[in-house]
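Trainee:
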Amino acid sequence: MTAKWTTADVPDQSGRVAVVTGGNSGIGYEAAAVLAGKGAHVVIAVRNLDKGQEAARRIEQRHLGAKVTLAELDLSSLDSVRKAADTLRAMYPRIDLLVNNAGVMYPPKQTTSDGFELQFGTNHLGHFALTGLLLDHLLPVVGSRVVTVASIAHDIQGAIHFDDLQWERSYNRVAAYGQSKLANLMFIYELQRRLAEKGAPTIAVAAHPGISNTELMRHIPGSGLPGFSQIAGLVTNSPPIGALGTLRAATDSAVQGGQYYGPSGFRELVGHPVLVKSNSKSHDVGVQQKLWTVSEELTGVKFPV
1 MTAKWTTADV
11 PDQSGRVAVV
21 TGGNSGIGYE
31 AAAVLAGKGA
41 HVVIAVRNLD
51 KGQEAARRIE
61 QRHLGAKVTL
71 AELDLSSLDS
81 VRKAADTLRA
91 MYPRIDLLVN
101 NAGVMYPPKQ
111 TTSDGFELQF
121 GTNHLGHFAL
131 TGLLLDHLLP
141 VVGSRVVTVA
151 SIAHDIQGAI
161 HFDDLQWERS
171 YNRVAAYGQS
181 KLANLMFIYE
191 LQRRLAEKGA
201 PTIAVAAHPG
211 ISNTELMRHI
221 PGSGLPGFSQ
231 IAGLVTNSPP
241 IGALGTLRAA
251 TDSAVQGGQY
261 YGPSGFRELV
271 GHPVLVKSNS
281 KSHDVGVQQK
291 LWTVSEELTG
301 VKFPV
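Residues in the sequence shown are numbered from 1 upward in steps of one, following the UniProt record's numbering.
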């Protein structure tokens, strides 16, 4: 293996079915494109089918013979999540890889169609529900993985506010994003523990892109100012580099369940992916289990593990 893990280290993916949420742009698109280029049948699960079709077209142009299909998915709607899961289950009895990538960051106060705070509802609850509804199609598959994209933001005001999960009393968009990303990590750690106890061949892994210059940054203060994108490009990972953590978590044969991959550079902001550590809060088993129970109650989704 090369000193810096790159797309050259992604093994052949022929015969694998990979579902990537938010695969129409940013690191999701880059991950989907690489997986398709390595032979996987990639399903891009997106809210906007027109953008999804454009992404699929670009991937097919980039990799002649790539297999890319679409699934309509709005993670901010549990009804949409259930419909998408039904479609995916009908079309793909075998799923090798589920990449929970889509997300929102720092939006003004909004709620999902189910009344959840937008970031918690989309980033955590939507993916929690989707994973639970698809998991029995991964469980029989040797080498199958669930990869969830977290963030260094889990360590920035990140806490699970069980007394006000939906930020109804007050709203801090940075802290709300931190909560959603901490929840992503806790979900993966608790899921891995359950998979291991079941003796399942499926593993759960987390990754983060550091700071990557994608559409996710559009709500950052000053993002609309002239020159912001150019300046951001100097101090952030490009989407292809930002996607490497996801790709390593998804494909590296050395990866173990419950691990977390992120950039190797200063404070994990930029660089090629290596094994990293999340903060101590994320490893609180009691909070993980309480969050799992609450998430099942809020989504109505029970896992087969």
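Backbone N, C-alpha and C define an ideal beta-carbon position, used for all residues, glycine too.
1) With the cut-off set at 8 Å, would you say Gln-13 and Ala-40 are in Cβ contact?
2) Does the segment 116 to 123 come close enough to the segment 178 to 192 that 3 or more CB-CB pairs lie under 8 Å?
3) Let me check one thing: in DSSP terms, what residues is Leu-275 bridge-paired to?
4) Using a threshold of 8 Å, state whether the C-beta atoms of Ile-95 and Leu-134 are closer than that.
5) Can you tell me the Cβ-Cβ gap for Val-42 and Ala-18, rounded? I've got them flagged as a contact below 8 Å.
6) Let's see if you can read the secondary structure: which residues bound the beta strand (DSSP E) around Lys-67?
7) What's the C-alpha gap between Ile-231 and Ser-264?
8) In terms of residue numbering, what span does the beta strand (DSSP E) encompassing Ile-203 cover?
9) How far does the beta strand (DSSP E) with Thr-148 in it reach, from first residue to last?
10) Going by beta carbon distance, what residues of the same chain come within less than 7 Å of His-154, once the five residues before and after it are set aside?
11) Within the continuous beta strand (DSSP E) that includes Ala-18, where are the two ends?
12) Quick check on DSSP: helix, strand or coil for Leu-88?
13) Quick check on the DSSP output: the alpha helix (DSSP H) that includes His-41 runs from which residue to which?
14) Please look up how many angstroms separate the CB atoms of Ser-144 and Leu-97, rounded, as I've assumed it's under 8 Å.
15) Assuming Ala-84 and Glu-72 form a contact by the criterion Cβ under 8 Å, report the distance between their Cβ atoms to the nearest whole angstrom.
16) Output yes if chain C places a C-beta closer than 8 Å to the C-beta of Gly-242; else output no.
17) Given a threshold of 16 other Cβ atoms within 10 Å of its Cβ, counted over all protein chains shown, does Gly-26 qualify as buried or as exposed?
18) List the endpoints of the continuous alpha helix (DSSP H) containing Asn-184.
19) Can you tell me where the alpha helix (DSSP H) holding Val-10 begins and where it ends?
20) For the pair the segment 152 to 172 and the segment 59 to 76, tell me if three or more CB-CB distances fall below 8 Å.
21) Name the DSSP beta bridge partners of Thr-111, please?
22) So, using beta-carbon positions, are Val-205 and Val-147 closer together than 8 Å?
23) Taking all protein chains shown into account, decide if Gln-288 is buried (16 or more other Cβ within 10 angstroms of its Cβ) or exposed.
24) Assuming contact is defined by CB atoms lying nearer than 8 Å, are Thr-299 and Ala-150 in contact in what I supplied?
25) May I ask you to list the residues that DSSP assigns as paired with Leu-97?
26) Among Gly-121, Glu-168 and Arg-248, whose alpha-carbon lies nearest the alpha-carbon of Ala-296?
27) Grouping DSSP H, G and I as helix and E and B as strand, with all else coil, what is Asn-24?
28) Could you give the first and the last residue of the continuous alpha helix (DSSP H) run that contains Val-294?
29) What do you reckon, are the CB atoms on Leu-262 and Gly-286 nearer than 8 Å?
30) How far does the alpha helix (DSSP H) with Glu-168 in it reach, from first residue to last?
31) Can you find the residues in the same chain that come closer than 6 Å, C-beta to C-beta, to Leu-64, ignoring five residues on each side of it along the sequence?
32) Could you say which of Tyr-106, Tyr-29, Ser-113 and Glu-197 lies nearest to Val-81 if we only look at CA atoms?
33) What whole-angstrom Cβ distance do Val-68 and Leu-247 have, given they're in contact under 8 Å?
Mentor: Taking the definition as stated:
1) yes
2) yes
3) Tyr-261
4) A distance below 8 Å separates the beta carbons of Ile-95 and Leu-134.
5) Approximately 5 Å separates the beta-carbon atoms of Val-42 and Ala-18; this is inside 8 Å, confirming the contact.
6) 67 to 72
7) Because the pLDDT of Ile-231 is 37, which lies under 50, any placement of that residue in the model is unreliable, and the question is left without a value.
8) 203 to 207
9) Counting along the chain, the beta strand (DSSP E) containing Thr-148 begins and ends at 145 to 149.
10) Gly-178, Lys-181, Leu-182, Leu-185, Ser-278, Asn-279 and Ser-282
11) Element bounds for Ala-18: 17 to 21.
12) helix
13) Run containing His-41: none in the alpha helix (DSSP H); it sits in the beta strand (DSSP E), 41 to 46.
14) 7 Å
15) 6 Å
16) Protein chain content of the structure displayed is limited to a single chain, and chain C is not contained in it.
17) buried
18) 173 to 198
19) No alpha helix (DSSP H) contains Val-10, which DSSP labels as neither H nor E.
20) Judged by pairs of C-beta atoms under 8 Å, the segment 152 to 172 does not touch the segment 59 to 76, as fewer than three such pairs exist.
21) Glu-117
22) yes
23) buried
24) no
25) Ala-18 and Arg-145
26) What sits at residue 296 in the sequence shown is Glu, not Ala. Selected option, being the one with the closest Cα: Gly-121.
27) coil
28) 285 to 299
29) Note that residue 262 is Gly in the sequence shown here, rather than Leu. Not a contact, by the Cβ cut-off of 8 Å.
30) Note, Glu-168: premise wrong, no alpha helix (DSSP H); not H, not E.
31) none
32) Ser-113
33) That pair is no contact at about 16 Å.
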